[in-house]
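Residue numbers (our numbering): 334 to 621. C-beta: ideal position from N, C-alpha, C; glycine also.
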Ligand code: NDP
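What follows is the structure, given as structure tokens:
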């Protein structure tokens, strides 16, 4: 069996076209969704991500603002900027690109963002709402994975989903969303003994590890759907996922390519969250 390579470009294009249409509808009511992105320091990869987010925003008809701050910016200045953006009616989503320099507390920064403008779903209130199933923004990467699974027609309910990685950004919220879709979920991490014995039980395997090509054929059950969240820079400058694509290709039923699937889908959910935040703000204006 050779796996179907999931066509991320096609899925993303269709999704973004819908978002653009809804954005135009909202603009015709006088509200343009706006996203502000703050980046501190010179990390080249982070600058690429921020540029891609801003471009996607503009292509969808949204307003985008990027604040590039020097590495030595005091934490107070970042918090003041967030405070101003919280008050800015033209901005519906605020995102602070990680990683931040060591002298700035990610926790204080995330908690400073207004809950209704937290389009990354990092604020503890939104994380809590996710846990208890209350409405709120979707965690971008995990929600993108769910959309990909639905788009290729995977019936998640009752499936055994194994997530490798337990970070706050990907692994844990991924497990929550799969649970919400009624999968039976197992979460693995660096202290999991005999990883392959567990991942081989997965109908849906999500790799979010940060180690290039570590998931091999022996980790995959024949016919499993394999979703590769990883983005790793190889010494030759090329990108590789956490899954050894060529090794797994003959074993999986579906597999995502890296780059070109989960990454752009993550940005798509960011756009959706910004649109929804603007729709809610517009609704609040109408009802006020
Ligand atoms: P983190 O480094 O925060 O977390 C990695 C997780 O993998 C940890 O839970 C760690 O376990 C686990 N892990 C590490 N080594 C092993 C191992 N040998 N066996 C099993 N588990 C292991 O990374 P992130 O979650 O932030 O990101 C993961 C990957 O996804 C990265 O490649 C990142 O670049 C990519 N990414 C992609 C995005 C996209 O848009 N496509 C968005 C965000 C991230 P432990 O907790 O025990 O340390």
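A contact between stretches requires three or more CB pairs, one per stretch, nearer than 8 Å, and the stretch 550–570 fails this requirement with the stretch 433–441. Scanning 369, 564, 617, 469 for the CA closest to the CA of residue 454 turns up 469.
Distances from the CB of residue 497 to the heavy atoms of the ligand NDP include at least one below 7 Å. One alpha carbon belongs to residue 502, the other to residue 460, and they sit about 10 Å apart. Cβ neighbours of residue 607 within its own chain (closer than 8 Å, five residues either side excluded): 366, 367, 368, 390, 395, 425, 426, 452. Beta-bridge analysis with DSSP links residue 587 to 337, 558. The three-state secondary structure of residue 515, taken from DSSP, is coil. Judged by DSSP secondary structure, residue 410 falls within the alpha helix (DSSP H) whose first and last residues are 408–420. The beta carbon of residue 353 sits closer than 7 Å to those of 393, 394, all from its chain and outside the five residues before and after it, given in chain order.
DSSP lists 396 as the bridge partner or partners of residue 367. When DSSP reads this structure, residue 426 sits in a beta bridge with 368.
Inside the stretch 478–516, DSSP marks whole beta strand (DSSP E) runs of 3 or more residues at positions 493–497, from first to last along the chain. Of the residues assessed, residue 335 falls on the exposed side of the cut-off, its CB having fewer than 16 other CB atoms within 10 angstroms. DSSP, read as helix, strand or coil, puts residue 603 in helix.
Here residue 462 carries a helix assignment [DSSP, helix/strand/coil].
Beta-bridge pairing by DSSP links residue 520 to 496. The alpha carbon of residue 564 has as its nearest neighbour, out of 340, 358, 546, 580, the alpha carbon of 546. Going by C-alpha positions, residue 541 is about 29 Å away from residue 400. Cβ neighbours of residue 599 within its own chain (closer than 6 Å, five residues either side excluded): 473, 474, 477.
Of the candidates 509, 500, 467, 613, 509 places its Cα closest to the Cα of residue 518.
Assigned with DSSP and collapsed to three states, residue 566 falls in strand. The beta strand (DSSP E) runs lying completely inside the stretch 528–554 and spanning 3 residues or more are 537–540, given in chain order. In summary, residue 397 is buried, with 16 or more beta-carbon neighbours lying within 10 Å of its beta-carbon over all protein chains present.
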